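Visitor: Handing you a structure now.
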Amino acid sequence: MAPKAGKAPILTPQSEDFPQWYQDVLNKAELAESGLVRGTMVIRPYGYAIWEHMQSQMDQRIKAAGAVNAYFPLFIPESFLKREAEHVEGFSPELAVVTHAGGKQLDEPVVVRPTSEMVINHYFAKWIQSYRDLPMLVNQWANVVRWELRPRIFLRTTEFLWQEGHTAHATEAEARSYAQRILHEVYADFMERVLAIPVYVGAKTRRERFAGATFTYCLEGMMRDGKSLQLGTSHELGQNFSRVFDMTFLDENGARPLAWTTSWGTSTRMVGGLIMAHGDDAGLVVPPSIAPNQVVVLVVKDEGDAVEIARRITADLTGRGVRALLDDKVSSSFGRRATDWELKGVPVRVEIGPRDLAEGIVTVARRDDGTKVSLAVDEVAAALPGILDAVQQSIFDRALARREERTVEVADVAQALEAAQTGFARAPWSVIGEAGEAELNRSAVSVRCLLRSDGTVPESQDEPDLVAIIGRSY
RNA sequence: CGGGAUGUAGCGCAGCUUGGUUAGCGCACCUGCUUUGGGAGCAGGGGGUCGAGAGUUCGAAUCUCUCCAUCCCGACCA
Numbered sequence: 005m006a007p008k009a010g011k012a013p014i015l016t017p018q019s020e021d022f023p024q025w026y027q028d029v030l031n032k033a034e035l036a037e038s039g040l041v042r043g044t045m046v047i048r049p050y051g052y053a054i055w056e057h058m059q060s061q062m063d064q065r066i067k068a069a070g071a072v073n074a075y076f077p078l079f080i081p082e083s084f085l086k087r088e089a090e091h092v093e094g095f096s097p098e099l100a101v102v103t104h105a106g107g108k109q110l111d112e113p114v115v116v117r118p119t120s121e122m123v124i125n126h127y128f129a130k131w132i133q134s135y136r137d138l139p140m141l142v143n144q145w146a147n148v149v150r151w152e153l154r155p156r157i158f159l160r161t162t163e164f165l166w167q168e169g170h171t172a173h174a175t176e177a178e179a180r181s182y183a184q185r186i187l188h189e190v191y192a193d194f195m196e197r198v199l200a201i202p203v204y205v206g207a208k209t210r211r212e213r214f215a216g217a218t219f220t221y222c223l224e225g226m227m228r229d230g231k232s233l234q235l236g237t238s239h240e241l242g243q244n245f246s247r248v249f250d251m252t253f254l255d256e257n258g259a260r261p262l263a264w265t266t267s268w269g270t271s272t273r274m275v276g277g278l279i280m281a282h283g284d285d286a287g288l289v290v291p292p293s294i295a296p297n298q299v300v301v302l303v304v305k306d307e308g309d310a311v312e313i314a315r316r317i318t319a320d321l322t323g324r325g326v327r328a329l330l331d332d333k334v335s336s337s338f339g340r341r342a343t344d345w346e347l348k349g350v351p352v353r354v355e356i357g358p359r360d361l362a363e364g365i366v367t368v369a370r371r372d373d374g375t376k377v378s379l380a381v382d383e384v385a386a387a388l389p390g391i392l393d394a395v396q397q398s399i400f401d402r403a404l405a406r407r408e409e410r411t412v413e414v415a416d417v418a419q420a421l422e423a424a425q426t427g428f429a430r431a432p433w434s435v436i437g438e439a440g441e442a443e444l445n446r447s448a449v450s451v452r453c454l455l456r457s458d459g460t461v462p463e464s465q466d467e468p469d470l471v472a473i474i475g476r477s478y
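With my numbering applied, the first sequence corresponds to residues 5 to 478, in that order.
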């Protein structure tokens with residue numbers, strides 16, 4: 005595992021320069037690179053394959069929660085966006101506006117969507133007539149544009165891919181309940197069970213709330229440098245948007261109340277989170293559940309029937325529903341290929357060489373902990389689904405252990421500032437408060453989320469006995 | 001917006017101070033042979049309007065001016 009003495013490391017070590025390590029991984033694992041316009045990114049096939057697996061697993065969960073997919077336009081009339089004051093104020097600095105098209109200046113500029121609340125709620129108002137049309141639960145997969153001054157690939161780019169869900173409900177309680185359902189059943193479940201990233205599921209403070217929302221829920225994960233990354237959010241929008249669009253419905257009593265809406269989103273930022281939550285000095289570590297290749301079957305040397313046996317094992321694995329890839333490119337050295345697959349974070353390698361085959365075995369190497377075991381040629385395929393499950397669990401357990409190690413209970417703002425230099429601080433929200441929050445912000449530290457003391461999610465930042473999770477963030 | 005720096009092959013860099021053959025090195029790439037149990041070796045080869053424009057000069061990657069782009073720090077915003 006460790007590079008030989010005297011040989012330069014493949015990647016900048018994390019402990020030396022974490023941002024440089026991140027850049028190195030993006031390049032060497034062929035995940036993504038900068039686009040031609042500052043702040044944009046090209047997602048390369050391997051990075052996009054990871055995103056596609058995220059998409060498909062998220063999409064299943066979203067649909068299981070009752071939402072259906074639709075697509076709304078990229079362009080929004082500028083005047084339209086300005087209808088919700090707080091919302092437009094939050095986004096106006098980062099809007100891209102088209103003023104010329106079709107060879108002439110437009111009468112009214114159009115904005116490239118930074119999010120679709122305004123458009124979708126406009127159509128909701130048109131589609132919703134009575135309480136029988138509620139709840140209306142719609143999701144879209146799309147790109148959005150927010151002009152960013154400090155872009156970082158996957159984490160903060162001018163254009164990114166995401167899903168945004170938008171819903172309308174008859175009552176505030178139903179809207180709240182649905183925003184929370186997405187938070188838990190879709191987002192937290194996906195992040196912990198699929199991405200293997202332990203998340204704090206909580207509420208944002210007023211200061212960190214989404215523009216136009218009445219309440220914002222969030223999911224925060226710890227990266228390997230101790231900083232926090234917001235991996236998803238879910239918002240209660242109250243009646244702010246339904247009021248703007250006169251989104252009313254006829255209820256059972258013949259009254260015509262305004263609907264209550266929510267919105268919720270996750271983006272390609274999760275790819276960055278995946279890289280930084282699990283990756284090590286040897287490269288990416290991808291959990292089996294979203295790995296484009298779960299197993300690579302590696303022929304050490306083309307000798308005897310090594311290639312034939314490797315092919316058979318690969319086919320056997322594929323037949324068992326494992327995403328397995330055969331690497332018989334023996335024109336490259338074994339070491340190079342092993343290193344490359346490690347860089348790409350393939351969860352398990354099955355290595356087949358002459359020494360193994362002489363004994364009727366193959367070597368199974370795990371990416372998460374670097375361990376190697378020998379298994380009989382005839383048993384390896386059957387054993388792998390179990391090994392992959394173990395790898396998945398182990399990646400989560402290790403991430404959780406790292407987070408717990410770097411989370412400190414503190415009693416005041418000064419201690420929180422200190423603890424946030426290396427990880428998270430947990431402090432009573434009552435001793436931080438909005439004044440303490442402002443003080444933290446001056447040192448580039450923020451309240452990432454608020455939890456109840458039993459770890460559940462609060463419904464107001466004014467509940468008693470809340471705990472603030474404090475840290476530096478991306 | 002202010003301060004500092006950097007632009008030379010796909011990537012990373014040297015050369016510039018003191019102008020002078022054909023602009024060089026490492027990695028990557030191509031061909032051949034030997035290799036292959038953790039980043040292969042040897043030999044040969046391809047790839048550059050030196051960020052752009054103007055100027056000085058017999059001659060500019062090198063000196064001067066202007067512009068453009070990128071990065072870092074600060075400010076602003078959240």
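Heads up, the beta-carbon is just placed ideally off N, CA and C, and yes, glycines get one too.
Values in this document were obtained by computation on a predicted structure and should not be read as measured data.
Compute the Euclidean distance between the alpha carbons of Y50 and A259, then round it to the nearest angstrom.
Guide: So the two alpha carbons sit approximately 54 Å from each other.
Visitor: I want to know whether the stretch 93 to 103 touches the stretch 244 to 264 - three or more CB-CB distances under 8 Å.
Guide: Counting Cβ pairs under 8 Å, fewer than three are found: no touch.
Visitor: With a threshold of 8 Å on Cβ separation, who are the neighbours of W25 within its own chain once the five nearest residues in sequence on each side are excluded?
Guide: Result list for W25: L15, T16, P17, Q18, G283 and D285, in chain order.
Visitor: With DSSP run on the structure shown, which of helix, strand or coil describes G390?
Guide: Reduced to three states, the DSSP call for G390 is helix.
Visitor: Which of the three DSSP states, helix, strand or coil, is assigned to T2?
Guide: Only positions 5 to 478 of the chain appear in the structure, and residue 2 is not among them; the question remains open.
Visitor: Could you tell me the alpha carbon to alpha carbon distance between M5 and V350, rounded to whole angstroms?
Guide: Below a pLDDT of 50, predicted positions are generally treated as unreliable, and M5, at 36, falls in that range; no measurement from the model is reported.
Visitor: Which of helix, strand or coil does DSSP assign to K8?
Guide: Unreliable placement is indicated for K8, whose pLDDT of 38 sits below 50; the coordinate value is still reported in the next sentence. Coil at K8, not helix or strand.
Visitor: Identify every residue that forms a DSSP beta bridge with M62.
Guide: None; M62 has no bridge partner.
Visitor: Can you say whether E467 is buried or exposed, counting buried as having 16 or more other CB atoms within 10 angstroms of its CB?
Guide: With fewer than 16 other Cβ atoms within 10 Å, it is exposed.
Visitor: So does the stretch 165 to 178 actually touch the stretch 141 to 154, counting three or more Cβ pairs closer than 8 Å?
Guide: Counting Cβ pairs under 8 Å, three or more are found: they touch.
Visitor: Where are the alpha helix (DSSP H) runs, 4 residues long or more, that stay fully inside the stretch 142 to 180, in chain order?
Guide: Those alpha helix (DSSP H) runs which fall completely within the stretch 142 to 180 and span 4+ residues do not exist here.
Visitor: Out of L288, M45, I279 and A386, point me to the one whose CA is closest to G325's CA.
Guide: Cα-wise, what sits closest to G325 is A386.
Visitor: In terms of alpha-carbon separation, which member of F253, H239 and Q59 lies closest to H91?
Guide: Among F253, H239 and Q59, the Cα nearest to that of H91 belongs to H239.
Visitor: Could you give the distance in angstroms between the alpha-carbon of S271 and the alpha-carbon of S134?
Guide: If you take the alpha carbons of S271 and S134, they lie about 33 Å apart.
Visitor: For Q167, count neighbouring Cβ atoms within 10 angstroms of its own Cβ and tell me buried if that reaches 16, exposed if not.
Guide: The residue in question, Q167, is buried, as its Cβ has 16 or more Cβ neighbours within 10 Å.
Visitor: Is the separation between the beta-carbon of V366 and that of D332 shorter than 8 Å?
Guide: The answer is no: Cβ separation not under 8 Å.
Visitor: Note down, in chain order, each residue of its chain lying with its Cβ closer than 8 Å to the Cβ of P7, except the 5 sequence neighbours on either side.
Guide: Its pLDDT being 36, under 50, P7 is placed unreliably by the model, and nothing is read from it.
Visitor: In chain order, what residues of the same chain have a beta carbon less than 7 Å from the beta carbon of A424, not counting five sequence neighbours either side?
Guide: Hits under 7 Å: V449, I474, G475 and R476.
Visitor: Assuming G390 and A380 are in contact, meaning their beta carbons sit under 8 Å apart, how far apart are those beta carbons, in whole angstroms?
Guide: In fact, because the Cβ distance is near 15 Å, the residues do not count as touching under 8 Å.
Visitor: Look at the alpha carbon of V275 and the alpha carbon of A394, and state the distance between them as a whole number of angstroms.
Guide: Their backbone Cα atoms lie some 22 Å apart in a straight line.
Visitor: Beta carbon of V417, beta carbon of G440: below 8 Å?
Guide: For V417 and G440, yes; Cβs fall inside 8 Å.
Visitor: If you draw a straight line from the alpha carbon of Q396 to that of R407, how long is it in whole angstroms?
Guide: Rounded to the nearest angstrom, the two C-alpha atoms are 17 Å apart.
Visitor: Closest to S267 by CA distance: which of V368, V198, Q298 and A179 is it?
Guide: Comparing Cα-Cα distances from S267 to each of V368, V198, Q298 and A179, the minimum goes to A179.
Visitor: For H104, write down the residues that DSSP places opposite it in a beta bridge.
Guide: BP columns for H104 point to Q109.
Visitor: Please report the straight-line C-alpha distance between A403 and I201, rounded to a whole angstrom.
Guide: Distance between the alpha carbons of A403 and I201 is about 7 Å.
Visitor: To the nearest angstrom, how far is the alpha carbon of I279 from that of F158?
Guide: Answer to the nearest angstrom: the Cα atoms are 10 Å apart.
Visitor: Measuring CB to CB, does M227 end up less than 8 Å from L235?
Guide: No, they are not a contact pair.
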